[in-house]
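In the numbering used here, the protein residues as written are 63 to 541.
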């Protein structure tokens, strides 16, 4: 009997972490254990001594051995493109001038979506929802600028979505990414109409004011905090999106503590600054290990307040071959009416737009038309062809990370790692070790209760001790 699932062996302070992501199993062993596992991987019928019996029993008990089968991974392969969610990139205008903006918002020529373009996108997903026999569809607002700068189109387009939904007994859900610089009228309308928003705030007032100043150069912190406090007062759901630069890294824990003293977000997403747009040349990239250390300290503060804090690529609870919907599933409309698969390509003027823009509305045929070859190429952008990722224990979780950022860093299939990989591995490793720690410190199997795991471990330790009593030279493999 050999190992019929993919396992990864990670050195760990003189021991080794053995991780089988597609069986949801992880445990700690020593060099003898890893050597035996390597033999099992290579041979259907490895030579077995009595000393190996407890370890073999252990591997069977936790489903590393056997034909139980791997868990399924999420994939876009062979799906008909019939989205029931549209994201509208309403404008390239912005009332802030963030020092790291990936989209160079406010620096590019202004482009604004018309109401008719927004309505076409909404009607398309509404019709798809009917065809699929579903009862709800989603309209999001995002893009290369601040969506609320095209306020009338935002309001009227979502009200149109609600009318369509009511006419067929459906629900239309709305969400938005915003910088939070909103008037009282806008806050109130958003809270009354949307399901939730993500608000970009970088933390302490001086951090926010330096990294995310107003277009005029004024400070933005007070206005953004007014917005989230308003949302708190009316019990409206929102998350916080924080960007960390070399300037703000050391103060990340204090920034999280400051925000949670006076706000009540459902979650906080923390990301290192992307080396795109204005962030490319300002020299404020973060050092991976320093980011992880600051992140862990900040996350412990968030946990004390029962707030989930995360980094996008470290997600061990996800099994997938793609990082996000940019791999042929995203239906995002640019102001010009083009269809982009990626949030970071909100218009044809962006780098690599030809690879991510795969359709547009045809006024003559009065329907959206898609380049099917591009859709196939986008869906082929799974983790599978990336040789660098093949031996990484995060491969089925991060799935190669963001493809758009990867395009900026290297030739896609010749990718050879980068600082985000280091961050992802360290934070994912921490998640796995936490699972093991919560289950007695030796082994974790999803679905097994702590006491059951302890009984399995104790049973095989007892057998191991009996073998040792019979032969003092027998080396125990599980310790």
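By construction, the Cβ of each residue, glycine as well, lies at the ideal position given by its N, Cα and C atoms.
Please read these numbers as outputs of a predicted model, since none were measured by experiment.
Report yes if the C-beta distance between residue i and residue j is below 8 Å; otherwise report no.
{"i": "residue 418", "j": "residue 437", "result": "no"}
{"i": "residue 383", "j": "residue 135", "result": "yes"}
{"i": "residue 215", "j": "residue 175", "result": "yes"}
{"i": "residue 332", "j": "residue 292", "result": "no"}
{"i": "residue 411", "j": "residue 170", "result": "yes"}
{"i": "residue 283", "j": "residue 273", "result": "no"}
{"i": "residue 210", "j": "residue 177", "result": "no"}
{"i": "residue 199", "j": "residue 147", "result": "yes"}
{"i": "residue 79", "j": "residue 485", "result": "no"}
{"i": "residue 345", "j": "residue 164", "result": "no"}
{"i": "residue 487", "j": "residue 456", "result": "yes"}
{"i": "residue 219", "j": "residue 241", "result": "no"}
{"i": "residue 217", "j": "residue 188", "result": "no"}
{"i": "residue 119", "j": "residue 67", "result": "no"}
{"i": "residue 489", "j": "residue 376", "result": "yes"}
{"i": "residue 300", "j": "residue 327", "result": "yes"}
{"i": "residue 83", "j": "residue 491", "result": "no"}
{"i": "residue 431", "j": "residue 424", "result": "yes"}
{"i": "residue 339", "j": "residue 158", "result": "no"}
{"i": "residue 505", "j": "residue 498", "result": "yes"}
{"i": "residue 144", "j": "residue 194", "result": "yes"}
Output the boundary residues of the beta strand (DSSP E) element that contains residue i.
{"i": "residue 401", "result": "400 to 402"}
{"i": "residue 359", "result": "Per DSSP, residue 359 belongs to no beta strand (DSSP E); it is in the alpha helix (DSSP H), 350 to 366."}
{"i": "residue 82", "result": "77 to 82"}
{"i": "residue 506", "result": "505 to 507"}
For residue i, report the span of its alpha helix (DSSP H) as first-last.
{"i": "residue 73", "result": "Segment 70 to 74 is the beta strand (DSSP E) holding residue 73; no alpha helix (DSSP H) there."}
{"i": "residue 480", "result": "From DSSP, residue 480 is part of no alpha helix (DSSP H); its letter is neither H nor E."}
{"i": "residue 181", "result": "177 to 193"}
{"i": "residue 98", "result": "93 to 104"}
{"i": "residue 378", "result": "Per DSSP, residue 378 belongs to no alpha helix (DSSP H) and is neither H nor E."}
{"i": "residue 449", "result": "Unbroken run through residue 449: none, as it is neither H nor E."}
{"i": "residue 117", "result": "115 to 123"}
{"i": "residue 384", "result": "Run containing residue 384: none; DSSP gives neither H nor E here."}
{"i": "residue 460", "result": "457 to 460"}
Could you please give me the residues that DSSP links to residue i through a beta bridge?
{"i": "residue 405", "result": "Residue 405 is not bridged to any residue."}
{"i": "residue 421", "result": "401 and 432"}
{"i": "residue 204", "result": "151"}
{"i": "residue 370", "result": "329"}
{"i": "residue 87", "result": "82 and 507"}
{"i": "residue 394", "result": "149 and 402"}
{"i": "residue 199", "result": "234"}
{"i": "residue 174", "result": "153"}
{"i": "residue 65", "result": "127"}
{"i": "residue 158", "result": "276"}
{"i": "residue 136", "result": "382"}
Within the 8 Å Cβ cut-off, does residue i reach chain B?
{"i": "residue 270", "result": "Checking the listed chains, one finds no chain B in this structure; it contains a single protein chain."}
Between residue i and the ligand SAM, is the CB less than 7 Å from at least one heavy atom?
{"i": "residue 391", "result": "This structure lacks the ligand SAM, and indeed carries no ligand of any kind."}
Practice item. Assess, as a yes-or-no matter, whether the region 200 to 220 is touched by the region 134 to 153 under the definition of 3 or more beta carbon pairs within less than 8 Å. Key: They touch, by the three-pair rule.
Check your understanding: In the region 215 to 280, which residue ranges form an unbroken beta strand (DSSP E) of at least 3 residues, counting only runs that do not cross its ends?
Key -> The region 215 to 280 contains these whole beta strand (DSSP E) runs: 233 to 240 and 258 to 262.
Exercise for review: Please confirm if the region 87 to 97 is in contact with the region 114 to 127, defined as three or more CB-CB distances below 8 Å between the two stretches.
Suggested key: Put simply, the region 87 to 97 touches the region 114 to 127. At least three CB pairs are less than 8 Å apart.
Check your understanding: Which ranges does the alpha helix (DSSP H) cover as unbroken runs of at least 4 residues, wholly within the region 273 to 346, from first to last along the chain?
Key -> DSSP runs (the alpha helix (DSSP H)) wholly in the region 273 to 346: 283 to 295 and 314 to 324.
**Study point:** Any 3 or more C-beta pairs closer than 8 Å across the region 226 to 237 and the region 247 to 257
**Key:** Judged by Cβ distances under 8 Å, the region 226 to 237 makes contact with the region 247 to 257, as three or more pairs qualify.
Practice item. Evaluate contact between the region 476 to 492 and the region 392 to 400, counting only Cβ atoms and requiring at least three cross-stretch pairs below 8 Å. Key: Result no; under three Cβ-Cβ pairs closer than 8 Å.
Practice item. Decide if the region 440 to 450 is in contact with the region 309 to 317; the criterion is three or more beta carbon pairs, one per stretch, under 8 Å apart. Key: Between the region 440 to 450 and the region 309 to 317, the count of C-beta pairs closer than 8 Å stays below three; the two stretches do not touch.
Review point. Okay, do the region 352 to 370 and the region 111 to 123 touch, 3+ Cβ pairs below 8 Å being the bar?
Key: Cβ pair count under 8 Å is below three, so no.
Review point. Does the region 366 to 385 come within contact of the region 320 to 331, defined as at least 3 CB pairs closer than 8 Å?
Key: Segments in contact, yes.
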